[in-house]
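Residue numbers (our numbering): 1 to 329.
Where a beta carbon is used, it is the ideal one built from N, C-alpha and C, also for glycine.
Take a look at the structure set out below.
As structure tokens, this is what we get:
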């Protein structure tokens, strides 16, 4: 029987904290009649939700347009322009022109009676962004008929209210609602059973290796062995090692080392924690053992990494509170 501490570990939350995911609703529009808008490629993960009506979405050079209906959500991780329209045949206007003007985040096309949309982006810590870019599919489409539809509708409704009514605390409420929306998108994607590249996100969706992930994330300082991790998952060593590698893309102990090094990079970059303390917190018997592992994985020594990445004056492994920016782009 697993203890209560292990059961409470949440690897997805661990990763989202590490990458400092900052989802922000940045704008929206209503439309009526024929319409189409071309959104430029951005170095951000974009998302949008259909509050009312329906539209077609097409990523440039990525096949046919896809129909989105009321309550559907789309997330585009690929850095490509995309078009939203009332029909694929409508010639699009440029979104930058449509939303031009200081502080402008909304627009009305035609009489605005048939369609309502909101959109935003997700920012990540640039130093950790590859952790997400490497596992997210280019395009996620969550339909309103999915099991998560009830949660999406509730979040949509409250987001519209917060942004329209300018209530006290509305900006913070919108930020938190958008964070919930992003988490629900990831959850829905994990539950969808759709194809996913091998990596940590696919591993999180696999119930068979979830106990091992919780152990490693819960106590990255422990000298976990293959036998112990396999036993926690109710598998033989061979079966566990094979299935873990197929799902996560790396062997179990390599996953553990990589996660430790991600935490080490964060500590070196953002804190003034002594090297020996970081080594101890991540399970290394000595500073030299930690330094050798760090250099083997990252190609740089911890001291070189710390000098080049200018650590802050903070003194713990905990990341600082993220600051949320606004703006259409």
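Short Cβ contact (8 angstroms threshold) for residue i with residue j
i, j, result
"residue 117", "residue 84", "yes"
"residue 269", "residue 283", "no"
"residue 150", "residue 51", "no"
"residue 53", "residue 152", "no"
"residue 249", "residue 199", "yes"
"residue 220", "residue 256", "yes"
"residue 108", "residue 26", "no"
"residue 41", "residue 79", "yes"
"residue 110", "residue 32", "yes"
"residue 65", "residue 88", "yes"
"residue 272", "residue 287", "no"
"residue 55", "residue 100", "no"
"residue 24", "residue 247", "no"
Residues bridged to residue i [DSSP beta-bridge criterion]
i, result
"residue 243", "Answer by DSSP bridge pairing: none, since residue 243 is not bridged."
"residue 85", "36, 56"
"residue 139", "76"
"residue 106", "28"
"residue 116", "30, 52"
"residue 94", "38"
"residue 150", "Beta-bridge pairing links residue 150 to no other residue."
"residue 121", "24, 46"
Same chain, Cβ closer than 6 angstroms to residue i, neighbours up to 5 away in sequence not counted
i, result
"residue 188", "142, 146, 148"
"residue 173", "162"
Rounded Cβ spacing between residue i and residue j (contact assumed at less than 8 angstroms)
i, j, result
"residue 186", "residue 155", "In fact, because the Cβ distance is near 14 angstroms, the residues do not count as touching under 8 angstroms."
"residue 48", "residue 119", "4 angstroms"
"residue 93", "residue 37", "6 angstroms"
"residue 204", "residue 213", "7 angstroms"
"residue 61", "residue 217", "Not confirmed; about 38 angstroms, so no contact."
Residue i versus the options, residue with shortest Cα-Cα distance
i, options, result
"residue 139", "158, 76, 96", "76"
"residue 209", "245, 128, 157", "245"
"residue 67", "73, 57, 61, 74", "57"
"residue 105", "232, 164, 18", "164"
"residue 112", "12, 34, 206", "34"
"residue 73", "98, 46, 19, 63", "46"
"residue 39", "296, 82, 18, 206", "82"
"residue 232", "9, 192, 211, 223", "211"
"residue 19", "63, 44, 144, 127", "127"
"residue 144", "171, 167, 166, 192", "192"
"residue 243", "195, 274, 206", "206"
Sequence-distant residues of its chain with Cβ nearer than 8 angstroms to residue i (five each side left out)
i, result
"residue 226", "237, 240, 241, 252, 253"
"residue 91", "36"
"residue 305", "265, 268, 269, 294, 298"
"residue 21", "122, 123, 124, 132, 179, 182"
"residue 197", "134, 135, 137, 249"
Same chain, Cβ closer than 7 angstroms to residue i, neighbours up to 5 away in sequence not counted
i, result
"residue 291", "301, 302"
"residue 158", "177"
"residue 230", "236, 237, 240"
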